[in-house]
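Undergrad: Protein chains in written order, with our numbering: chain A, -17 to 84; chain B, 170 to 381. Backbone N, C-alpha and C define an ideal beta-carbon position, used for all residues, glycine too. Predicted, not measured: the structure shown is a model, and the values here were computed from it.
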């Protein structure tokens, strides 16, 4: 197996999934965002987004908290430091793969 | 791929400007400043109202900024977050104590230089032109951050307005009042139209939309 292919197999599959990659990228550019914002930005259904968030939460990449802004109930999602490191590593791996193959 | 990451990040950062509430509230602050300068021009110089007004600029500015911030938060909580979601941005890295001190020192130096320059030239009529340039540059810089062309148009408008008022022959206080008032009205108009479009395009969700 070539080094390039090995690099692809080493990619973090949890982040590599397009919907989760989009969620992680959105959350990396803000301190936090709520469920509705993520749903609108990703275009995912509630059930789908919920499932992806649960996977990210289980891996410790995302922290989810139910709170209120005034009387408005919010499900706030934050990328944890583990999640930030995972996304950074994934982007570096991907960039390095693209440089080697292009 | 890198471009896609950047696109997503920029789109998220532009979300703050999507509803026009910032322009609406900021425009209101400018209108308030315009009324302050207009009052300064219109009220008799020996009246109590004029004396009170003269000594209240700092109060008007500080209370205006607090009210603007409170209003933005209130409107976003009631109009934006239930429709398109809540986002909390990272605190600005530029907002450090040393940066704030530096900004205050620069602002004071600019103010003193402006007063000295006015005394030397014997005229303060250029102040509205200078203010127009400063506000215009800030608005054009905001355009790059927000991605909306309207900030570029507003920036050019304030520059042209400031320079026009500088050469209009009106008194400096009246020019400044007109500058702030008209800039504020323009910003409120732009923000109002943006908000109307935002509300039309994003009706309030009927069902409970924020539950996992």
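By alpha-carbon positions, which one of A/-2, A/81, A/47 ends up nearest to residue 62 of chain A?
TA: A/47
Undergrad: Restricting to runs no shorter than 4 residues, where is the alpha helix (DSSP H) found entirely within the region 190 to 233 of chain B?
TA: 190 to 211, 217 to 223
Undergrad: Nearest chain A C-beta to residue 254 of chain B closer than 8 angstroms, yes or no?
TA: Judged by the 8 angstroms Cβ criterion, residue 254 of chain B is in contact with chain A.
Undergrad: May I ask you to report which of helix, strand or coil DSSP gives residue 336 of chain B?
TA: coil
Undergrad: If residue 345 of chain B and residue 297 of chain B are in contact, beta carbons under 8 angstroms, what's the gap, nearest whole angstrom?
TA: 5 angstroms
Undergrad: Which residues bound the alpha helix (DSSP H) around residue 13 of chain A?
TA: Counting along the chain, residue 13 of chain A falls outside any alpha helix (DSSP H), and DSSP gives it neither H nor E.
Undergrad: Check whether the Cβ of residue 4 of chain A lies closer than 8 angstroms to any Cβ atom in chain B.
TA: yes
Undergrad: Starting from the C-beta of residue 90 of chain A, find all residues in its chain whose C-beta is less than 7 angstroms away, skip the five residues before and the five after it, and write them out in chain order.
TA: The structure shown does not extend to residue 90 of chain A, since chain A spans only -17 to 84, so no value can be given for it.
Undergrad: Residue range of the alpha helix (DSSP H) that residue 251 of chain B falls in?
TA: 250 to 253 is the span of the alpha helix (DSSP H), which, as asked, contains residue 251 of chain B.
Undergrad: Pull up the distance between the alpha-carbon of residue 291 of chain B and that of residue 341 of chain B, whole angstroms please.
TA: 12 angstroms
Undergrad: Taking C-beta pairs closer than 7 angstroms, name the residues in chain A that residue 187 of chain B reaches, listed in chain order.
TA: Chain A residues near residue 187 of chain B: none, gap ~11 angstroms exceeds 7 angstroms.
Undergrad: Assuming residue 50 of chain A is part of the alpha helix (DSSP H), what are its boundary residues?
TA: Taken as a continuous stretch (DSSP letters only), residue 50 of chain A belongs to no alpha helix (DSSP H), being part of the beta strand (DSSP E) at 44 to 51.
Undergrad: Could you round the C-beta distance between residue 43 of chain A and residue 68 of chain A to whole angstroms and report it? I think they count as a contact, below 8 angstroms.
TA: That belief holds up - the Cβ atoms of residue 43 of chain A and residue 68 of chain A are roughly 6 angstroms apart, short of 8 angstroms.
Undergrad: Using a Cβ-Cβ cutoff of 7 angstroms, what residues of the region 42 to 55 of chain A are near chain B? List them in chain order.
TA: Those residues of the region 42 to 55 of chain A that come within reach of chain B (Cβ to Cβ, closer than 7 angstroms) are 51, 52, 54, 55.
Undergrad: What number of angstroms, rounded off, separates the C-alpha of residue 76 of chain A from the C-alpha of residue -7 of chain A?
TA: Residue 76 of chain A and residue -7 of chain A: Cα-Cα distance of roughly 8 angstroms.
Undergrad: Identify whether residue 257 of chain B lies in helix, strand or coil by the three-state DSSP scheme.
TA: Residue state, collapsed to three classes: strand.
Undergrad: With C-beta atoms as the reference, is residue 189 of chain B less than 8 angstroms away from residue 311 of chain B?
TA: Remark: C-beta atoms of residue 189 of chain B and residue 311 of chain B do not approach each other more closely than 8 angstroms.
Undergrad: Please state the DSSP three-state secondary structure of residue 290 of chain B.
TA: helix
Undergrad: Between B/181, B/179, B/196, which lies nearest to residue 359 of chain B when the distance is taken from Cα to Cα?
TA: B/196
Undergrad: Got a sec: which bits of the region 67 to 81 of chain A sit with their beta carbon under 8 angstroms from any beta carbon on chain B, in order along the chain?
TA: 73, 76, 77, 80
Undergrad: Within the chosen definition, does the region 297 to 308 of chain B reach the region 326 to 337 of chain B through at least 3 CB pairs nearer than 8 angstroms?
TA: Flag = yes, the region 297 to 308 of chain B and the region 326 to 337 of chain B touch.
Undergrad: Just mark residue -2 of chain A as buried or exposed, buried being the case when its beta carbon has 16 or more other beta carbons within 10 Å.
TA: exposed
Undergrad: Does any residue of chain B have a CB that is nearer than 8 angstroms to the CB of residue 22 of chain A?
TA: yes
Undergrad: Using beta carbons (cut-off 8 angstroms, strictly below), is residue 12 of chain A in contact with chain B?
TA: yes
Undergrad: Can you grab the Cα-Cα spacing for the pair residue 58 of chain A / residue 370 of chain B, in whole Å?
TA: Put simply, the backbone Cα of residue 58 of chain A is about 24 angstroms away from that of residue 370 of chain B.
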